[in-house]
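Step one of this worksheet: look at the structure below.
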Amino acid sequence: MNDPRFSSAEEAEAAFYRAFERRDLDAMMAVWADEATVVCVHPGGPMLIGREAVRASWEQILGGGGSVGFTVQEVRRETRDGLAVHVVQEHIRAGDERPGPPVLATNVYRLTDRGWRMILHHASPSPRPARPRGMVH
């Protein structure tokens, strides 16, 4: 696999979701920084630290069968001093099914000498909207 140079955090993020949809482990890991301190948390899963742990988790996830698609909705984006924080809602479709409940994800990218690279992906189910309570007197 070649070593892509992402010129922006947005470009790295697009490559991240493209690799996920294509179930391409090499392309997925090309997005991640080559650092022992990278962190990944999948919905309901433990915190994974380091490239090897992150790679093993993606190998398991991407190795599953069937197709997956994403609609990614930006919630907030902040970039400064070589660091970009993207908070997004992931609307995930498995095969021909309708998307399930959205997943809230925080993706953090760092500008390295090889371009922008992911250093953190933390995804969790979005909180459910509060249900209205009975009338308060």
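Position in the sequence shown counted from 1, then plus 474, gives you my numbering. For every residue, glycine included, the Cβ atom is placed at its ideal position computed from N, Cα and C. All figures in this text were calculated on a predicted structure; none of them were measured in a lab.
Alpha-carbon to alpha-carbon, residue j and residue i
| i | j | result |
| --- | --- | --- |
| G524 | S482 | 23 angstroms |
| G539 | D555 | 40 angstroms |
| L499 | R492 | 11 angstroms |
| I593 | D570 | 31 angstroms |
| Q531 | M521 | Inspection of the sequence shows that residue 531 is occupied by Ser rather than by Gln. About 11 angstroms. |
| M502 | H565 | 19 angstroms |
Residue of the options minimising C-alpha distance to residue i
| i | options | result |
| --- | --- | --- |
| V505 | G569, R550, V515 and E484 | E484 |
| Q547 | P576, S541 and M521 | P576 |
| F490 | P599, R602 and Y583 | Y583 |
| T511 | S598, R591 and G518 | R591 |
| H595 | R588, P601, A558 and R602 | A558 |
Enclosing beta strand (DSSP E) for residue i [first to last residue]
| i | result |
| --- | --- |
| A558 | L557 to A568 |
| F544 | V542 to R554 |
Start-to-end residues for the alpha helix (DSSP H) that takes in residue i
| i | result |
| --- | --- |
| V512 | Here V512 belongs to no alpha helix (DSSP H), and DSSP marks it neither H nor E. |
| R492 | A483 to R496 |
Residue i - DSSP class collapsed to helix/strand/coil
| i | result |
| --- | --- |
| A507 | coil |
| D587 | strand |
| S598 | strand |
Nonlocal neighbours in the same chain, by C-beta distance under 6 angstroms from residue i, ignoring five residues either side
| i | result |
| --- | --- |
| R567 | G543 and P573 |
Beta-carbon proximity list for residue i, same chain, < 7 angstroms, skipping 5 on both sides
| i | result |
| --- | --- |
| T586 | A507 |
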